[in-house]
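These notes are about the structure you will find just below.
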Amino acid sequence: MALPTLAGTRSILSVSFRPAAPAAAACRLLSSSGGGGGGGPLRPVALQLDYYLSAQFAGVAVAERQGLYAARGVRLALLPDCPVGEEAGSVRAHQDAHPEALAVGTVEQNVLVPVLAKDPSLKMTAVAAMFQESPLGLAALPGNAVLSEPQRAGLRVGAHEDTADLLRALLPAAEVVACHRDDKMGALRRGEIDAVQVYDLMETAMLAGEAAAAGRPAPAFVPLADLGAQLGYSQVIFAPTDALKDAAKIELLKDFLAATFDGWQLARALPAAAADDVEALMAARGVVADHWPAGDRAFTAETVARCCERVAAAGPAAAP
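With numbering that gives the first Met the number 0 applied, the sequence shown covers 0 to 319.
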């Protein structure tokens, strides 16, 4: 499954992630970030996330809170959460309604590709990836060995609406139930499903922490890759193809990407400080979810570090 790119625009994708900056270098980056884009007006970028604002977007949170976007002349606005699988539609709608701005979104490659194949009128181009590989998999509650035989008949699996068809193909004998992300962990805890779609980041860390506190075995986790899925990149950043025909918007995109990956660099060097930025933006946005322990700064710092490990080998995707 190839990552869709815009042919002939390698320059758009030239920003690289610097994976291992020591704290001193990160502090120099922070102190030199300045603000206001050299005194000019800030240019609007609207970002549609495909998941709750959380440690998964630590690079974005750090870049916003520490002025890295403003230093590059970017004024970031986070669009409201949208239903899973509708990220490209949200970006298209915002771009059409606000042609003066640049709308971008994030989504799994395995979600974006079929969405664009089904509705080519959306006309989106993938330009970068925050995670080199997808952490997507299935988790069960601690002590439940059901995932030792994931292909057994009758396995009840909860999945987001945009991943349910993939899981039905991977697990033909299972009963795959579409679950809203707001309630999937609750469905697992209530015993309505045997396993649930998760990222091997915050959700599995939360389940492992609960198991350890109760003196129980670690929860089972099976990566979808082990079931035969080729998922590709994760947290793919995409933008409207027509917007990328505008030289000014290409420069704006490059500045947005540079600030975002500088944010990830700072998060990697200083995960505890990055956790403060994540928690602050979560509070401002009113994020409430049962995918992680609420208000646990140490947990947020731990999962920021785990996310940074996924980003370390990533960066904007190179055109073929």
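For glycine and all other residues, C-beta sits at the position ideal for the given N, C-alpha and C.
Cα-Cα separation, Ala-76 to Pro-43 = Answer to the nearest angstrom: the Cα atoms are 7 Å apart.
ask   = Given 8 Å as the limit, is there contact between the stretch 253-263 and the stretch 150-168, that is, 3 or more CB pairs closer than that?
value = With fewer than three CB-CB distances shorter than 8 Å, the stretch 253-263 does not count as touching the stretch 150-168.
message = Please classify Lys-244 as buried or exposed, where buried requires at least 16 neighbouring CB atoms within 10 angstroms.
response = Sixteen is the threshold: since fewer than 16 other Cβ atoms of the shown chains lie within 10 Å of the Cβ of Lys-244, the residue is exposed.
task = With a 10 Å radius around its C-beta and 16 neighbouring C-beta atoms as the bar for buried, classify Gly-84 as buried or exposed.
result = By the 10 Å Cβ count, Gly-84 comes out buried.
key: Cβ-Cβ distance between Leu-140 and Pro-222 below 8 Å   = In this structure, the beta-carbon distance from Leu-140 to Pro-222 does not fall below 8 Å.
request  = State yes or no: is the C-beta of Leu-154 within less than 8 Å of the C-beta of Leu-165?
outcome  = Judged by beta-carbon spacing, Leu-165 lies beyond the 8 Å limit of Leu-154, meaning their Cβ atoms are not closer than that value.
ask   = Where does Arg-91 land, buried or exposed, given buried means 16+ other C-beta within 10 angstroms?
value = Looking at its Cβ environment, which holds 16 or more other Cβ atoms inside 10 Å, Arg-91 is buried.
query = Residues bridged to Gly-262 by DSSP?
reply = Beta-bridge partners assigned by DSSP to Gly-262: none are found.
message = Is it the case that the stretch 63-81 contacts the stretch 113-120, given that we only count it when at least three CB pairs across the two stretches are under 8 Å?
response = No, they do not touch.
query = Is the CB-CB distance between Thr-254 and Arg-71 below 8 Å?
reply = The question names Thr, yet the displayed sequence has Asp at residue 254. A contact, by the Cβ cut-off of 8 Å.
request  = Counting only runs of 4+ residues fully inside the stretch 149-206, write out the alpha helix (DSSP H) ranges in chain order.
outcome  = Every alpha helix (DSSP H) of 4 residues or more that sits fully in the stretch 149-206 is shown, in chain order, as 163-169 and 183-188.
request  = Between the Cα of Ala-246 and those of Gly-227, Gly-262, Leu-101 and Pro-40, spot the shortest distance and give me the residue it belongs to.
outcome  = Of the candidates Gly-227, Gly-262, Leu-101 and Pro-40, the residue whose Cα lies closest to the Cα of Ala-246 is Leu-101.
ask   = Quick one: what does DSSP say Val-73 is sitting in, helix, strand or coil?
value = If DSSP states are grouped into helix, strand and coil, Val-73 belongs with the strands.
Range covered by the beta strand (DSSP E) that runs through Gly-136 = That run of the beta strand (DSSP E) goes 135-138.
Residues bridged to Met-123 (per DSSP) = DSSP, once it has assigned bridges, lists Pro-239 as partnering Met-123.
inquiry  = Can you check which of these residues, Phe-56, Val-287, Ala-69 and Asp-199, is closest to Leu-41 by C-alpha distance?
reply    = Nearest Cα to Leu-41 within the set Phe-56, Val-287, Ala-69 and Asp-199: Ala-69.
ask   = When you compare only the Cα positions, how much space is there between Thr-299 and Tyr-51?
value = Approximately 13 Å, taken between the alpha carbons.
task = Using the DSSP secondary-structure output, state which residues sit across from Gln-47 in a beta bridge.
result = Answer is Gly-104.
Burial state of His-93 (16 or more Cβ within 10 Å) = His-93 comes out buried.
message = Considering only DSSP beta bridges, list what Pro-222 is partnered with.
response = Pro-222 is bridged by DSSP to Gly-136.
ask   = So, Thr-302 versus Leu-135, is the Cβ gap smaller than 8 Å?
value = No, Cβ-Cβ distance for Thr-302 and Leu-135 is not below 8 Å.
ask   = Among residues of its own chain, excluding the 5 on either side of Ala-204, which ones have a beta-carbon nearer than 8 Å to its beta-carbon?
value = Closer than 8 Å at the Cβ level, and outside the excluded window around Ala-204, lie Trp-291, Phe-298, Glu-301, Thr-302 and Arg-305.
request  = Within its chain, find whatever has a CB closer than 7 Å to the CB of Ala-211; leave out the 5 residues flanking it on each side and keep chain order.
outcome  = For Ala-211, where only same-chain residues beyond five positions count, there are no Cβ hits under 7 Å.
query = If you draw a straight line from the C-alpha of Arg-27 to the C-alpha of Arg-284, how long is it?
reply = Because the pLDDT of Arg-27 is 44, which lies under 50, any placement of that residue in the model is unreliable, and the question is left without a value.
Cβ neighbours of Leu-146 in the same chain (closer than 7 Å, five flanking residues each side left out) = Within the same chain, and ignoring the five residues on either side of Leu-146 in sequence, the residues whose Cβ sits closer than 7 Å to its Cβ are Leu-137, Ala-139, Ala-194, Ala-219 and Val-221.
ask   = Exposed or buried, Asp-181, counting other C-beta atoms within 10 Å across all chains shown (16 or more means buried)?
value = Per the 10 Å Cβ criterion, exposed.
task = Report the three-state DSSP secondary structure of Glu-309 (helix, strand or coil).
result = It is Arg, not Glu, that sits at residue 309 in the sequence shown. Residue state for Arg-309 is assigned as helix, using DSSP reduced to three classes.
ask   = What is the C-beta distance between Val-176 and Val-156, in whole angstroms, given that I count them as a contact (C-beta under 8 Å)?
value = Yes, they are in contact, since the Cβ atoms of Val-176 and Val-156 sit about 7 Å apart, within 8 Å.
message = According to DSSP, simplified to helix, strand and coil, what is Arg-215?
response = Three-state DSSP puts Arg-215 in coil, outside helix and strand.
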